[in-house]
Every structure is written in structure tokens, then in C-alpha cells.
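Asker: Numbering (the numbering used here), first residue to last: 1 to 393. No residue lacks a Cβ here, since even glycine has one placed at the ideal position from N, Cα and C.
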Amino acid sequence: MVEFEFDVDWPRTAWVALGFVLAAALVFVAYRFVGTFVFGLFVYYATRRLYRRVRRRIDQASVAAGVSLVGMVLPALLLLAYTLGIALQQLNRFADEIDGAESGSQIDDLLETAEPYLNLTVLSDPTALLDNVGGVGTITTTLESALGYLGVVGTGLLHLFVMLAIAFYLLRDDRRFAGWAGHLTAERTVFEEFVAAVDESFDKVFYGNILNAMITGLVGGIVYTLLNQIAPASVAIPYAALVGVLAGAASLIPIVGMKLVYVPMAAYLAVLAGTSGEGWWFVVAFAAVSFVVVDVIPDLLVRPYVSGGELHTGALMFAYILGPLIWGWYGIFLGPIVLVLVTHFARIVLPELVTDEPIRAREVDPAVLTDDTDGADAVDGEKDADGGTPTGA
Numbered sequence: 001m002v003e004f005e006f007d008v009d010w011p012r013t014a015w016v017a018l019g020f021v022l023a024a025a026l027v028f029v030a031y032r033f034v035g036t037f038v039f040g041l042f043v044y045y046a047t048r049r050l051y052r053r054v055r056r057r058i059d060q061a062s063v064a065a066g067v068s069l070v071g072m073v074l075p076a077l078l079l080l081a082y083t084l085g086i087a088l089q090q091l092n093r094f095a096d097e098i099d100g101a102e103s104g105s106q107i108d109d110l111l112e113t114a115e116p117y118l119n120l121t122v123l124s125d126p127t128a129l130l131d132n133v134g135g136v137g138t139i140t141t142t143l144e145s146a147l148g149y150l151g152v153v154g155t156g157l158l159h160l161f162v163m164l165a166i167a168f169y170l171l172r173d174d175r176r177f178a179g180w181a182g183h184l185t186a187e188r189t190v191f192e193e194f195v196a197a198v199d200e201s202f203d204k205v206f207y208g209n210i211l212n213a214m215i216t217g218l219v220g221g222i223v224y225t226l227l228n229q230i231a232p233a234s235v236a237i238p239y240a241a242l243v244g245v246l247a248g249a250a251s252l253i254p255i256v257g258m259k260l261v262y263v264p265m266a267a268y269l270a271v272l273a274g275t276s277g278e279g280w281w282f283v284v285a286f287a288a289v290s291f292v293v294v295d296v297i298p299d300l301l302v303r304p305y306v307s308g309g310e311l312h313t314g315a316l317m318f319a320y321i322l323g324p325l326i327w328g329w330y331g332i333f334l335g336p337i338v339l340v341l342v343t344h345f346a347r348i349v350l351p352e353l354v355t356d357e358p359i360r361a362r363e364v365d366p367a368v369l370t371d372d373t374d375g376a377d378a379v380d381g382e383k384d385a386d387g388g389t390p391t392g393a
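#1: Let me check understanding here. Comparing Cα to Cα, which of Ala-270, Gly-35, Val-289 lies closest to Leu-226?
#2: I'd like to know whether the C-beta atoms of Leu-322 and Gly-335 end up nearer to each other than 9 Å.
#3: Quick check on Ile-237: does DSSP put it in helix, strand or coil?
#4: Taking the alpha-carbon positions, what's the Leu-350 to Val-342 distance?
#5: Along the chain, where does the alpha helix (DSSP H) containing Ser-201 start, and where does it finish?
#6: Within 10 Å of its beta-carbon, does Val-219 have 16 or more other beta-carbons around it, so buried, or fewer, so exposed?
#7: Please go through the same chain and pick out, in chain order, the residues whose beta-carbon is closer than 6 Å to the beta-carbon of Met-258, but skip the five residues on each side of it.
#8: Compute the Euclidean distance between the alpha carbons of Trp-15 and Ala-25, then round it to the nearest angstrom.
#9: Using CA coordinates, which residue listed in Asp-299, Ser-234, Gly-244 is at the minimum distance from Trp-280?
#10: Taking all protein chains shown into account, do 16 or more other C-beta atoms lie within 10 angstroms of the C-beta of Leu-316, making it buried, or fewer, making it exposed?
#11: Locate the alpha helix (DSSP H) running through Tyr-31, then write down its first and last residues.
#12: Is Leu-69 buried or exposed, if buried means 16 or more other CB atoms sit within 10 Å of its CB?
#13: From Leu-18, Val-338, Tyr-44, Phe-20, pick the residue whose C-alpha is nearest to that of Phe-206; which is it?
#14: Tell me whether the beta-carbon of Arg-55 lies closer than 9 Å to the beta-carbon of Ala-61.
#15: In the structure shown, what three-state DSSP assignment does Met-214 receive?
#16: Any heavy atom of the ligand HEM within a distance shorter than 8 Å of the CB on His-344?
#17: Going by beta carbon distance, what residues of the same chain come within less than 7 Å of Gly-375, once the five residues before and after it are set aside?
#18: Could you say which of Glu-193, Gly-331, Leu-164 lies nearest to Ala-178 if we only look at CA atoms?
#19: Out of Ala-30, Tyr-31, Asp-203, point me to the one whose CA is closest to Arg-49's CA.
#20: If you check the beta carbons only, do Ala-241 and Tyr-262 fall under 9 Å apart?
#21: Apart from the five residues just before and just after Ile-215, which ones in its own chain have a Cβ nearer than 7 Å to its Cβ?
#22: With H, G and I counted as helix, E and B as strand and the rest as coil, what does DSSP make of Ser-251?
#23: Determine whether the beta carbon atoms of Ala-46 and Ile-210 lie at a separation below 9 Å.
#24: If you draw a straight line from the C-alpha of Phe-282 to the C-alpha of Tyr-224, how long is it?
#25: Using the C-alpha atoms, what's the distance from Gly-314 back to Pro-232?
#26: Considering only residues of the same chain and omitting the five flanking positions on each side of Ala-30, which have a CB-CB separation below 7 Å?
#27: Leaving aside the five residues before and after Gly-66 along the sequence, list all residues of the same chain whose C-beta is less than 8 Å from its C-beta, in chain order.
#28: Tell me the residue span of the alpha helix (DSSP H) that contains Leu-311.
#29: Run through DSSP, which three-state label would Thr-275 get?
#30: Among the residues of its own chain, which have a CB less than 6 Å from the CB of Ile-166, if the five just before and after it don't count?
#31: Does the separation of the CB atoms of Val-243 and Met-265 fall below 9 Å?
#32: Tell me the DSSP secondary structure of Gly-221 in three-state form.
#33: Between Leu-260 and the rest of its own chain, which residues show a CB-CB distance below 8 Å, the 5 nearest in sequence each way excluded?
#34: Quick check on this structure: which residue in Arg-172, Phe-161, Val-153, Gly-19 has the alpha carbon closest to the alpha carbon of Glu-59?
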């Protein structure tokens, strides 16, 4: 009879099992909030170079991270608020036109419904208000709906806070995380080269595309504002500077992004030209200038120097397009992340696996591993008195 002997290190096995349980818990949390974590990672890489420059002038890492996030996020929020304001203004103007053209419109019905709330005489007789609006049941239903909207807004603000918190702590403590990961291996390995390459590509894709969008938005705003100076009054570009900035923001999606802005605008101008019977030459000029000056020239001259790195431009385009189709709104960030991981795995790790040899240590340029892009390593973290790992703020 054959006997099998198992020499099991039970304490080590228990610790390994606990490690798998904890890892599964982290994976579950990341899965449930994948959009939040992915967007937080994007904000980190989009802000990191700015943080390193701010860090040279501000001693406290926490203050520098906060200032950098405000400097990066606040302009985006202001642009969003301005765009929403313009949209609401146009919607209100459109509603006024409908209200003037059609008697007894839905807007009139809405005003009649709201009239009991606007009548201040009900303050002397509160019960009249309940009678006018349908009783306590209607008020209860309205309050429940309002609480539902507050819940949605509160959840959105919570996710926004988590995104900014992730970016904040990555900015402040990224050197600590890198130092901890470095202690897992005794020498520079293929894994460290893979991580360094992924980090460099994330920096190129996210920060580079932000920089390209800012340059494109500036060019678009100036070009459309100047173009409006020669436009016929009936076919002028509405909010020309805003259209240019939005075109720059849309350029975050390579190849097709800006077309999502200026192609519909060209169609709108064509409708105006057809209605007024003049200005067709301006429609053609707008389309040509948009394609050549705002789209092609920045994409050919600026983007190759600030984004992409070793990634194939076509593959990056498909990552931006297919990502949202697969994962939803956060796919625009998760798609490039997956592309970066797959590309560098195939370039660095896969050759080591197909040779049927152990993953061996190799020499890696220390400058690549530290990602000393801006020469800011000396200010990203201070050394302890004994020359240990960087300390946090």
C-alpha cells in the first residue's frame, strides 16, 4: 500500500489563505467601484507633473497635492458649469419661443400648476395651499421625489470625493507605495521593468492627452473667434470660444473626438444658411478651417510629442472608442488602461514566458524606474534622518 506524506506548514498556509481572502475582498471593492477608482487614477496621472512643479515651491506634500488638484480640477468644473449655464439659457430661450408661438402650451400649464406656490396670500391660510395642490398626498409624493433626487446627488458627490481622495493620496504618497513594492523583490526584475513601463505609458496617455486638449482648445477658441469676425450675421458661430474649448476637450478621444463638436456645428450652420439663403461660403470655410487648423494640425504636430509614447495610435483610438461601449462612461479611461497593460505584458513579460525559462533578473536603467521626468524626485519626499524611505507630510 502506497502512503503519501504531506509536510504542510500550517501557519504559513493559514497566512496565505488569509492573504487570498483579503485580496478577494479588495478585488470585490474595486469591482463595485471600478469607475470611481479608474477616474481617480486618471486624475492622479493628469495632475502628477503639475504636483511635482508645485512641490518644488511648497514644502508640505499635503498642501502641494491639494493645490495641484484645485489647479487641475477647478478649471474643468468651471467649464462644465459655464457649458451647463449656456445650455440652460438656450433652453429657456427656446421655451420662450414656443410659449410665444403656441397658446395653451405645456409651459402655460406648468405655470398654472405652480401658481398656488407663488401666491403669497396663502401664508394667511395654510390650509388653502393644501386644497389648491391636491392635498397632503401630493405634498408627500413631491417630498419623496425630492429626497430621491437628493440621494442621487449625494451619491454622486460621494463618488467625486472618493475620486479626489484617491488622487490626493497617490500624489502625496506615491513614493511610499513604490518603495513598498520595491521591497518585495531583492533585485530589479522583469516585474519592475513592466511596472515602470506601465507607469510611463499612463503618464503619457493621461497627462499628454490633457496637455494636447488644452492646446487644441486654445487654438480652437482663437480660430473660431477670429472666424466669427467675418461671418454673416445670420450664420455666425454661437459662443465661438466655448465651441473651440469643447472641441479641445473632445480631442481626448483621438481621431474622432473633435468631429463630435465641429461636425454637428457645421450642420447647424448649414441649416441657418439654408434658412436665410446666404452664408454658404462661411459654412464651407468653417468646415475646412475646423478640419485643417483645429483638427489635423494639432493632432499631427502636438499629439505625437505629448501622448501615446510606445502605444500604437490606432490601438489607442479603438481603446477610447470601444472602452465606453463595453464598460460605460468610465470605459474612456479603463480602455486605455487595459491597452497599456496588454501592450507592455506582450512586450516585456511574454517573451520571458515563451522561452520556457524562469523569469530572470535584468538590468534596468534606474532613471526609468524612478520616472524622473521633471527632475522632481528630490522634492517628492524627504529622507528620514537615517537616510530611510521618504516620509509623508
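Answerer: Working from what's here:
#1: Each of Ala-270, Gly-35, Val-289 was checked against the Cα of Leu-226, and the nearest Cα belongs to Val-289.
#2: Cβ atoms of Leu-322 and Gly-335: closer than 9 Å.
#3: Ile-237 falls in the coil class under three-state DSSP.
#4: Distance between the alpha carbons of Leu-350 and Val-342: 10 Å.
#5: 190 to 202 is the extent of the alpha helix (DSSP H) around Ser-201.
#6: With 16 or more Cβ atoms within 10 Å of its Cβ, Val-219 is classed as buried.
#7: Excluding residues within five positions, the ones whose Cβ falls inside 6 Å are Ala-247, Ala-250, Ser-251, Asp-295.
#8: Looking at the two C-alpha atoms, the distance is approximately 15 Å.
#9: Nearest to Trp-280 by alpha-carbon distance, out of Asp-299, Ser-234, Gly-244, is Ser-234.
#10: Classification of Leu-316: buried, given that the 10 Å Cβ count is 16 or more.
#11: Segment 10 to 32, the alpha helix (DSSP H) holding Tyr-31.
#12: Leu-69 should be labelled buried.
#13: Distance check between Phe-206 and each of Leu-18, Val-338, Tyr-44, Phe-20 places Tyr-44 closest, using alpha-carbon atoms only.
#14: In this structure, Arg-55 places its C-beta atom within 9 Å of the C-beta atom of Ala-61.
#15: Here Met-214 carries a helix assignment [DSSP, helix/strand/coil].
#16: The ligand HEM is not among the ligands present in this structure, which contains no ligands whatsoever.
#17: Residue placement at Gly-375 is flagged as unreliable, the pLDDT there being 42, under the threshold of 50; a coordinate-derived value is accordingly withheld.
#18: If you compare the alpha carbons of Glu-193, Gly-331, Leu-164 with that of Ala-178, the shortest gap goes to Glu-193.
#19: Checked all of Ala-30, Tyr-31, Asp-203; the closest Cα to Arg-49 is Asp-203.
#20: Taking 9 Å as the Cβ cut-off, Ala-241 and Tyr-262 do not qualify as a contacting pair.
#21: So the list reads Pro-298, Val-302, once near-sequence residues are dropped.
#22: Correct three-state label for Ser-251: coil.
#23: Taking 9 Å as the Cβ cut-off, Ala-46 and Ile-210 qualify as a contacting pair.
#24: Their backbone Cα atoms lie some 12 Å apart in a straight line.
#25: Taking the straight line joining both Cα atoms gives about 39 Å.
#26: Taken in chain order, the residues that qualify are Phe-37.
#27: Excluding residues up to 5 positions away in sequence, Phe-168 lie with their Cβ nearer than 8 Å to the Cβ of Gly-66 in the same chain.
#28: In the DSSP assignment, Leu-311 falls outside any alpha helix (DSSP H) and carries neither an H nor an E.
#29: Assignment of Thr-275 by DSSP, reduced to helix, strand and coil, places it in the helix class.
#30: Result list for Ile-166: Gly-40, in chain order.
#31: The answer is yes: Cβ separation under 9 Å.
#32: Three-state result, Gly-221: helix.
#33: Excluding sequence neighbours, Leu-260 sits near Ala-250, Ile-253.
#34: The question names Glu, but residue 59 is Asp in the sequence shown. Asp-59 has its Cα closest to that of Arg-172, out of Arg-172, Phe-161, Val-153, Gly-19.
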